[in-house]
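Undergrad: Numbered by the UniProt record's numbering, the letters in the sequence shown go through residues 1 to 407 in order.
Virtual Cβ for every residue (Gly too), placed ideally from N, Cα, C.
Since the model is a prediction, treat every value here as computed from it, not as a measurement.
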Amino acid sequence: MINSIFEAILQILSHPPSRREHGYDAVVLLALLVNYRKYESVNPYIVKLSIVDDEATLNGMGLVIAQALSEYNRQYKDKEEEHQSGFFSALTNMVGSMFIADAHEKISVQTNEAILLALYEAVHLNRNFITVLAQSHPEMGLVTTPVSPAPTTPVTPLGTTPPSSDDLMVEFIVTHMMKEFPMDLYIRCIQVVHKLLCYQKKCRVRLHYTWRELWSALINLLKFLMSNETVLLAKHNIFTLALMIVNLFNMFITYGDTFLPTPSSYDELYYEIIRMHQSFDNLYSMVLRLSTNAGQWKEAASKVTHALVNIRAIINHFNPKIESYAAVNHISQLSEEQVLEVVRANYDTLTLKLQDGLDQYERYSEQHKEAAFFKELVRSISTNVRRNLAFHTLSQEVLLKEFSTIS
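#1: So, at 8 Å on beta carbons, what are the nonlocal neighbours of E376 in its own chain, with the 5 sequence-adjacent residues on each side left out?
#2: Tell me whether the region 301-318 and the region 356-365 touch, counting them as touching only if at least three CB pairs, one residue from each stretch, are closer than 8 Å.
#3: Using the C-alpha atoms, what's the distance from R212 back to D184?
#4: Tell me where the alpha helix (DSSP H) around K353 begins and ends.
#5: Would you say F224 and M276 are within 8 Å of each other, going by their C-beta atoms?
#6: Taking the alpha-carbon positions, what's the L221 to R387 distance?
#7: Would you check if there are 3 or more beta carbon pairs closer than 8 Å linking the region 279-299 to the region 317-332?
#8: So for M177, helix, strand or coil by DSSP?
#9: Tell me which same chain residues have a C-beta within less than 7 Å of the C-beta of H208, skipping the five on either side of it?
#10: Could you pull out every residue in the same chain whose Cβ sits closer than 6 Å to the Cβ of P157, ignoring the five residues on either side in sequence?
#11: Kindly indicate the opening and closing residues of the alpha helix (DSSP H) around Q11.
#12: Taking 8 Å as the limit between beta carbons, can you name the residues of its chain near S332, skipping five residues before and five after?
#13: Drop a sphere of 10 angstroms on the beta-carbon of F373, count the other beta-carbons inside from all chains shown, and report buried for 16 or more, exposed for fewer.
#14: Just mark I115 as buried or exposed, buried being the case when its beta carbon has 16 or more other beta carbons within 10 Å.
#15: Going by Cα to Cα distance, which pick from L290, N112, E80 and V123 is closest to residue 488?
#16: How long is the line joining the alpha carbons of T258 and Q355, rounded to whole angstroms?
#17: May I ask which residues mark the beginning and end of the alpha helix (DSSP H) holding A327?
#18: I need the straight-line Cα distance from C203 to Y76, nearest angstrom please.
#19: As a quick exercise: from L241, R188, T254 and L119, pick the residue whose alpha carbon is nearest that of V64.
#20: Suppose you measure from the CA of A68 to the CA of Y24; what does that come to, to the nearest Å?
#21: Just verifying my parser: in three-state terms, what is the DSSP assignment at V155?
#22: So for V205, helix, strand or coil by DSSP?
#23: Roughly how many angstroms separate the alpha carbons of S55 and I130, rounded to a whole number?
#24: At what residues does the alpha helix (DSSP H) containing R128 begin and finish?
#25: Apply the 10 Å Cβ neighbour rule to K235 and answer buried if 16 or more other Cβ atoms are within range, or exposed otherwise.
#26: For the alpha helix (DSSP H) that contains Y347, what are its first and last residues?
#27: Using beta-carbon positions only, say whether A26 and I51 come within less than 8 Å of one another.
#28: In angstroms with no decimal places, state the Cα-to-Cα distance between K298 and L248.
#29: Have a look at P263 and L350 and give me their C-alpha separation to the nearest angstrom.
#30: Just confirm the distance between the C-beta atoms of I274 and V339, as a whole number of angstroms; I'd bet it's less than 8 Å.
#31: Report the three-state DSSP secondary structure of S382 (helix, strand or coil).
#32: Give every residue of the same chain whose Cβ lies closer than 6 Å to the Cβ of L33, excluding the five residues on either side of it in the sequence, and list them in chain order.
#33: Could you give the DSSP three-state label for Y364: helix, strand or coil?
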């Protein structure tokens with residue numbers, strides 16, 4: 001740490017010829033140096049990385065990371081196509097999808113831990129990096145614009161329009177409901193969605209997104225928590241996650257008119273809540289049962305009970321009116337448009353409770369409990385780097401010495 005090579009690494013990333021040859025190794029090295037004993041002492045590489053503002057350097061780092069992740073995606077796609085090829089394989093996948101997946105059933109591709117760590121540190125430490133990354137135009141022809149209309153499903157095929165953060169969160173929600181439930185990751189996922197909504201509200205950003213995909217994923221997650229209540233409660237406080245999900249709906253109910261793209265989007269929110277009222281009714285019954293018993297989950301369940309007040313108000317207000325409309329018009333099953341007509345005609349008589357703090361969140365910071373995770377991750381990356389290091393060439397050492405002499 002005494003002899004810093006930070007400037008030499010930045011020179012490699014900002015210089016296209018050297019970046020093409022050594023950019024990947026430079027980014028991995030920087031990620032390792034930033035994590036060197038960062039919990040035990042002051043790490044100068046953390047400070048240096050946090051104040052980098054040179055656009056060429058940050059853009060170069062972004063290009064290296066993007067290329068490495070694109071290569072990972074390509075390998076995953078190849079593996080997926082191989083996994084899905086053939087009639088018997090397709091039949092096995094179809095049958096297997098009927099059951100809750102175990103972690104080991106996922107398609108296995110060696111994760112590029114080093115690049116993911118580098119991306120995390122760049123976004124976490126340097127406020128300029130994400131701006132440059134969002135505004136830059138990659139010099140790699142990795143993304144093409146599809147000619148056909150965008151699909152309504154949240155999963156965007158590789159090589160077409162890149163998925164948004166909301167797409168990625170929805171995909172995570174619907175694909176990780178498994179026996180070994182990753183509670184910490186689900187909490188992170190819901191926090192990401194919440195912060196995105198807070199940003200949209202604050203900046204009045206009306207994102208044109210298929211919000212129904214998110215609402216459906218959140219409701220399905222609630223159904224999963226309820227269906228596996230006994231198993232999950234043995235390991236996790238599921239009410240923390242349930243409260244976060246309910247408050248996302250409260251965020252849409254209370255502030256949706258400020259960031260949803262159109263008034264009809266707000267109508268669709270109410271339609272989904274009414275359509276899936278049984279799930280919310282079941283959730284209320286579950287948390288009410290636990291909140292009225294003297295047990296360890298009493299307080300946590302009570303919070304969910306109180307958070308459901310507006311959702312239950314919507315259901316209790318509109319359901320009788322929808323049933324009355326159907327009876328008067330002698331319709332056994334209303335269409336979506338007919339339900340929306342009833343909703344639009346009865347907004348004025350709906351009373352909701354003002355809920356405070358829905359748009360407040362804690363700023364992210366590395367938690368003390370995560371130190372063990374990062375230490376193990378860095379240890380794993382270091383082992384892989386040593387295993388793959390080419391000792392027969394000294395070109396990297398020569399290059400570092402060359403750039404270290406540049407003033």
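TA: The short version:
#1: none
#2: no
#3: 24 Å
#4: Premise fails: K353 is in no alpha helix (DSSP H) and is neither H nor E.
#5: no
#6: 41 Å
#7: no
#8: coil
#9: P261
#10: Unreliable positioning characterises P157 in this predicted model, as indicated by a pLDDT of 38, which lies under 50. The coordinate reading is nonetheless provided below. Cβ within range, chain order: n/a, list empty.
#11: F6 to S14
#12: A326
#13: exposed
#14: buried
#15: Summary: the structure shown does not reach residue 488, with the chain confined to residues 1 through 407, and so no result is reported for it.
#16: 16 Å
#17: V309 to V328
#18: 36 Å
#19: L119
#20: 8 Å
#21: With a pLDDT of 37 at V155, under the threshold of 50, the predicted position of this residue should be treated as unreliable, though the coordinate-derived value follows. Coil.
#22: coil
#23: At residue 55 the sequence reads Glu, which differs from the Ser that was named. Approximately 11 Å between the Cα atoms of the pair.
#24: The amino acid at residue 128 is misidentified as Arg; the sequence shows Asn. Its alpha helix (DSSP H) spans residues R127 to Q135.
#25: exposed
#26: No alpha helix (DSSP H) contains Y347, which DSSP labels as neither H nor E.
#27: no
#28: 22 Å
#29: 17 Å
#30: 7 Å
#31: helix
#32: Y45
#33: coil
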